[in-house]
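Read left to right, the sequence shown gives residues 476 to 925 (our numbering). Down below is the structure, laid out as C-alpha cells.
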Amino acid sequence: MNAHRHVLLTGVSVTAAALLAGACSGAVGTPAGPTERSACVRVVDEDTGRKGDACLSLAPAKDRVDLAEPRFTHPTRITNPLHPTSDVTQVIMGGQVDDKPFRTEVSLLPGTKKIAYDGRSVETLVSQYVAFSDGRIQEVALDWYAQADDGSVWYFGEDVRNYEDGVVADTAGTWQAGRDDAPPAMIMPADPEKGDVYRPENLPEKVFEEVTVRAVDQTVDGPYGEVEGAITVRELHMDGSTEEKVFAPGYGEFSTGTEDGDLEAVALAVPTDARPGPLPDRLSALERAAVAVHESPGAATVREVRAAWDAYRASDAVPELLERQVERDLVALENAGDGARAVGPALRVAQNVTDLRLRHESVPAVDRDRLALWTRQVTIDASAGNEGAVAGDVTALELVWERVRHETPDAASVDTQLRKLRAAADDTDMAEMQQLAPELTEHITELKGS
Numbered sequence: 476m477n478a479h480r481h482v483l484l485t486g487v488s489v490t491a492a493a494l495l496a497g498a499c500s501g502a503v504g505t506p507a508g509p510t511e512r513s514a515c516v517r518v519v520d521e522d523t524g525r526k527g528d529a530c531l532s533l534a535p536a537k538d539r540v541d542l543a544e545p546r547f548t549h550p551t552r553i554t555n556p557l558h559p560t561s562d563v564t565q566v567i568m569g570g571q572v573d574d575k576p577f578r579t580e581v582s583l584l585p586g587t588k589k590i591a592y593d594g595r596s597v598e599t600l601v602s603q604y605v606a607f608s609d610g611r612i613q614e615v616a617l618d619w620y621a622q623a624d625d626g627s628v629w630y631f632g633e634d635v636r637n638y639e640d641g642v643v644a645d646t647a648g649t650w651q652a653g654r655d656d657a658p659p660a661m662i663m664p665a666d667p668e669k670g671d672v673y674r675p676e677n678l679p680e681k682v683f684e685e686v687t688v689r690a691v692d693q694t695v696d697g698p699y700g701e702v703e704g705a706i707t708v709r710e711l712h713m714d715g716s717t718e719e720k721v722f723a724p725g726y727g728e729f730s731t732g733t734e735d736g737d738l739e740a741v742a743l744a745v746p747t748d749a750r751p752g753p754l755p756d757r758l759s760a761l762e763r764a765a766v767a768v769h770e771s772p773g774a775a776t777v778r779e780v781r782a783a784w785d786a787y788r789a790s791d792a793v794p795e796l797l798e799r800q801v802e803r804d805l806v807a808l809e810n811a812g813d814g815a816r817a818v819g820p821a822l823r824v825a826q827n828v829t830d831l832r833l834r835h836e837s838v839p840a841v842d843r844d845r846l847a848l849w850t851r852q853v854t855i856d857a858s859a860g861n862e863g864a865v866a867g868d869v870t871a872l873e874l875v876w877e878r879v880r881h882e883t884p885d886a887a888s889v890d891t892q893l894r895k896l897r898a899a900a901d902d903t904d905m906a907e908m909q910q911l912a913p914e915l916t917e918h919i920t921e922l923k924g925s
C-alpha cells in the first residue's frame, strides 16, 4: 500500500533481466482500470521516474480477487478486521529506518471526503499518516478508504507531502481515484486466502503495487499478548522491488521489516490496547520528568527521567517495542551531554512517554499534550535559530490540531495563534516565533484544563 511507504524493503530488488520472463499477465476488469489495457506493466525507477523496457512479473489474472465491480452502500462503515479503519482511532508505529529512529502516528480524522469516479461519488474515511525520522517530520499523507458491500476495503488515494529540513520537498506518491484515469483499488479482501492477488494502487508509471497473500491464520506477538488471525503479504512495487508486511486483526498494517534492519511495527493502538482509567502514579512521574528533560536537558534532569523510567517499567506492562524505543532514546540522551546534541534525544523521549499514556487516556487528551510538546519544541528550536526545525515544528502543531480542533470549544483562538506561527516560520522570523510560542502555550494550557 501507499507508494510513499517503500523505505522498508524485506524482499530484494528484481533486476530487469529477471523481469523479462515472457509477457506480463493482465486481465480486463472494471476496478483494475488502465493497467488492463496493456499486457505489460513497465518497471519504473521510483527515484528518477524513468520507465524501463522490462515488464513487472505480475500474477496471472485468475489469482486476482479485485476485478469485480465493488458496490458501496455504507462505505464509511469499515469493519474489516484486517483493516479496521472505523474502529481504530490511533496507531503508533515505531522502529528504525536508515539507522535512524522512525516513528509514525496514524490517526482517524473527523469527517469524511467524497470522491467522484466513473460517474459516481463515494464517501470515504480519512486517515492521517505522519512519519518522523529522528523525531522530526519526514512525511505526511491523508489516505482515503471505503468498504464495499462484500466487506473488502478499497483505497481511493492519498495526498502526500514529503519533507526535507522541515519544509515540503515534493508530493511524490499523490493520487486520487477519478483523476488521470486512476481507479479505486482494493487494499484488503473481505476474507483473504493464501494466493489471493490484488492491487492497492493501480496507475502504472505513477503509482502501482500488486499484493499476494502468502500466509493466513497466523499468530503474532502484539503489544500486550498474542494476536491470532494475522496474514502475511508480499508487495511488488513499481520499481520491481518487493517487501513483506503483516496485517493483524484490531490493528490493520502491523509490521514491515526486521529488528536487525529497517523496521516499522505497531507499538500501540487504541482502542485495541486501551485500558481506560487513572494514569498510574509512576507514569505520571515519568511524564513530569520527560517534560523537564525536554525543556532543559542536563545531568540532573537526565538522572530524574532515567530513575522515573526504571521505576515505571518495573511496575507496569510496557509494550516491547515501546520499551526498546524509550531505552534507545534515553541512552542517547545520557550520552549526549547538555548541549545541542541533547535536543533530539530529549524530544524523542518526550514523544515516547506521551505515547505510553494512550494506554490509559483518550486520544484527544494525549493529543492536547502533544500540542504542548511541539510548542515547547518551537521555543527550543527558535532560540537556537534552527529555521528548518521550526518550520517542521509548526507543521507538527498543525497536524495535531487537525485531530482535536473539532471538539475544542474555543478553537478560533488557537487557529489565530497557529496562523501567526506559520507566517513567522515562513518568514524565518525566529524572534517573532519566540514571542508567539508563550502565547500559544497559554491557550494550550487552557485547553488541557477544560
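The beta-carbon is built from N, C-alpha and C at its ideal position, and this holds for glycine as well.
Top-ranked residue by Cα proximity to residue i, from the options
i, options, result
"isoleucine 590", "Lys895, Glu907, Leu542, Glu633", "Glu633"
"alanine 690", "Ala705, Arg578, Leu805, Val519", "Ala705"
"lysine 441", "Tyr673, Ala899, Ala647, Met568", "Outside the shown range of the chain (476 to 925) lies residue 441, about which nothing can therefore be said."
"leucine 831", "Ile612, Thr523, Val566, Leu893", "Val566"
"valine 853", "Lys588, Val818, Ala774", "Val818"
"leucine 805", "Val793, Pro794, Trp784", "Trp784"
"proline 585", "Ala606, Thr829, Asp618", "Asp618"
"aspartate 735", "Ala543, Asp901, Val563, Lys575", "Lys575"
"tyrosine 620", "Asp562, Asp656, Ala606, Arg788", "Asp562"
"aspartate 904", "Glu914, Arg880, Gly863", "Gly863"
"serine 596", "Pro658, Pro794, Pro556", "Pro658"
"alanine 760", "Thr891, Ser790, Leu922", "Ser790"
"serine 602", "Lys588, Gly610, Ser608, Arg611", "Lys588"
"valine 605", "Ala543, Arg799, Arg878, Val828", "Arg878"
"serine 608", "Gln622, Gly594, Glu580", "Glu580"
"asparagine 555", "Gly670, Asn810, Phe722", "Phe722"
"leucine 557", "Gln622, Gly524, Ala792, Asp541", "Gln622"
First through last residue of the alpha helix (DSSP H) which encompasses residue i
i, result
"alanine 786", "774-790"
"histidine 712", "That residue, histidine 712, is in no alpha helix (DSSP H); its beta strand (DSSP E) goes 700-712."
"arginine 611", "No alpha helix (DSSP H) contains arginine 611, which is instead part of the beta strand (DSSP E) from 611-622."
Beta-carbon contacts of residue i that lie in its chain and below 7 Å, excluding the five residues immediately before and after
i, result
"glutamine 571", "Phe577, Asp737, Leu738"
"glutamate 882", "Pro839"
"alanine 871", "Ile612, Trp849"
"glycine 497", "Bear in mind that a pLDDT of 34 at glycine 497, under 50, signals an unreliable position, so the number given afterwards is only what the model happens to contain. Answer for glycine 497: no residue qualifies."
"leucine 893", "Leu872, Glu873, Trp876"
Three-state secondary structure (DSSP) of residue i
i, result
"alanine 932", "Residue coverage of the chain in this structure runs from 476 to 925, which leaves residue 932 outside it and unanswerable."
"glycine 863", "helix"
"threonine 916", "helix"
"serine 500", "For serine 500, the predicted structure reports a pLDDT of 39, less than 50, and the residue's modelled location is therefore unreliable. The matter cannot be settled from this model."
"serine 608", "strand"
"threonine 829", "helix"
"glutamate 739", "strand"
"alanine 744", "strand"
"lysine 681", "coil"
"arginine 799", "helix"
"aspartate 756", "helix"
"arginine 878", "helix"
"alanine 817", "helix"
"leucine 557", "coil"
"valine 824", "helix"
"threonine 455", "No statement about residue 455 is possible, as the shown extent of the chain runs from 476 to 925 and does not include it."
"leucine 600", "strand"
"threonine 694", "strand"
"arginine 552", "coil"
"alanine 811", "helix"
"valine 928", "The requested residue 928 does not occur in the structure, where the chain is confined to residues 476 to 925."
Chain-order list of residues whose beta-carbon lies under 8 Å from that of residue i (same chain, five-residue window excluded)
i, result
"isoleucine 919", "Arg843, Leu846, Ala847, Thr850, Val889"
"valine 768", "Thr776, Val777, Glu779, Val780, Leu808, Ala821, Val824, Ala825"
"proline 559", "Ile553, Pro724, Gly725, Tyr726, Gly727"
"alanine 740", "Met568, Gly569, Gly570, Phe729, Ser730, Thr731, Gly732, Leu796"
Start and end residues, beta strand (DSSP E) containing residue i
i, result
"aspartate 528", "526-530"
"isoleucine 855", "That residue, isoleucine 855, is in no beta strand (DSSP E); its alpha helix (DSSP H) goes 838-858."
"threonine 891", "Not the beta strand (DSSP E): threonine 891 falls in the alpha helix (DSSP H), residues 886-901."
"lysine 589", "575-592"
"tyrosine 630", "628-639"
"alanine 543", "Run containing alanine 543: none; DSSP gives neither H nor E here."
"serine 730", "727-732"
"alanine 644", "642-645"
"alanine 723", "717-723"
"glycine 570", "565-572"
Supposed close pair residue i, residue j - CB separation, criterion 8 Å
i, j, result
"alanine 660", "proline 675", "5 Å"
"glutamine 613", "tyrosine 638", "6 Å"
"arginine 834", "aspartate 696", "Wrong, their Cβ atoms sit about 17 Å apart, outside the cutoff."
"threonine 564", "valine 745", "6 Å"
Cut-off 6 Å between Cβ atoms - residues of its own chain near residue i, not counting five sequence neighbours on either side
i, result
"valine 672", "Ala534, Asp538, Arg539, Thr687"
"alanine 866", "Gly641, Val642, Ala900"
"aspartate 989", "Residue 989 lies beyond the stretch modelled for the chain, which goes from 476 to 925, so this question has no answer here."
"threonine 649", "Asp634, Val635"
"alanine 857", "Val865, Met905, Met908, Gln909"
Residue i at chain D interface by Cβ criterion, 7 Å
i, result
"valine 828", "No chain D appears in this structure, which consists of one protein chain only."
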